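Student: Sequential numbering from 15 applies to the sequence shown in our numbering.
Pasting a structure below so you can have a look.
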Amino acid sequence: MIQVDTTTILQNDVQFINASYNGMTILVRQSDGYINATQFCEQYDKQFRALIKLDRWKDYIQAEIEEGRSERNLSHPLIDIITKGYANDLKGYYVHPILINYIAIWISPKYAVTVRKIMDSINENSQQTHTTFEA
Numbered sequence: 015m016i017q018v019d020t021t022t023i024l025q026n027d028v029q030f031i032n033a034s035y036n037g038m039t040i041l042v043r044q045s046d047g048y049i050n051a052t053q054f055c056e057q058y059d060k061q062f063r064a065l066i067k068l069d070r071w072k073d074y075i076q077a078e079i080e081e082g083r084s085e086r087n088l089s090h091p092l093i094d095i096i097t098k099g100y101a102n103d104l105k106g107y108y109v110h111p112i113l114i115n116y117i118a119i120w121i122s123p124k125y126a127v128t129v130r131k132i133m134d135s136i137n138e139n140s141q142q143t144h145t146t147f148e149a
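Encoded structure:
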């Protein structure tokens, strides 16, 4: 895994930090933990605007909203946009942290394989546990 240097940026009294999400570099707005999805996608030659046009993305967002109603208070929108008043490298779409895994799978096949392996391992352990209890 790649080690990401963390740096803090302060602009207009808003603090941003370069951080890591499973070895992938992300820009986080400290006040709410939202992640710059535009910048994240561009690192992998993808456009976040292309993702949000997809029906699968819209279905995913709707599922998160519905789940969020019962699970947590979604008092803020899941996506925010900064278009003015900030340096160009800070502008873009900022997403709630719960969305970053989906985006990471979309932009990085290698990350998608890693997630698949983790889920397969969880499933295998779960099946072994059920087999043990049923015996």
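Cβ atoms here follow ideal geometry from the backbone N, Cα and C, with glycine treated the same way.
Owing to the predicted nature of the structure, the values given are computational and were not obtained by experimental measurement.
For the alpha helix (DSSP H) that Asn115 lies in, which residues bound it at each end?
Tutor: Asn115 -> alpha helix (DSSP H) spans Ile114 to Ile121.
Student: Below 8 Å, how does it come out for the region 44 to 51 and the region 123 to 139: are there three or more Cβ pairs, yes or no?
Tutor: With the cut-off at 8 Å, the region 44 to 51 and the region 123 to 139 do not touch.
Student: Decide if Ala118 is buried, meaning its Cβ has at least 16 other Cβ atoms within 10 Å, or exposed.
Tutor: buried
Student: Please report the distance separating the alpha-carbon of Asp136 from that of Thr128.
Tutor: In the sequence as presented, Asp is not what sits at residue 136; that position holds Ile. Rounded to whole angstroms, Ile136 to Thr128 spans 13 Å at the Cα level.
Student: Once you ignore the five residues that flank Ile40 on each side, which residues in its own chain have a CB closer than 6 Å to its CB?
Tutor: Ala33, Ile49 and Phe54
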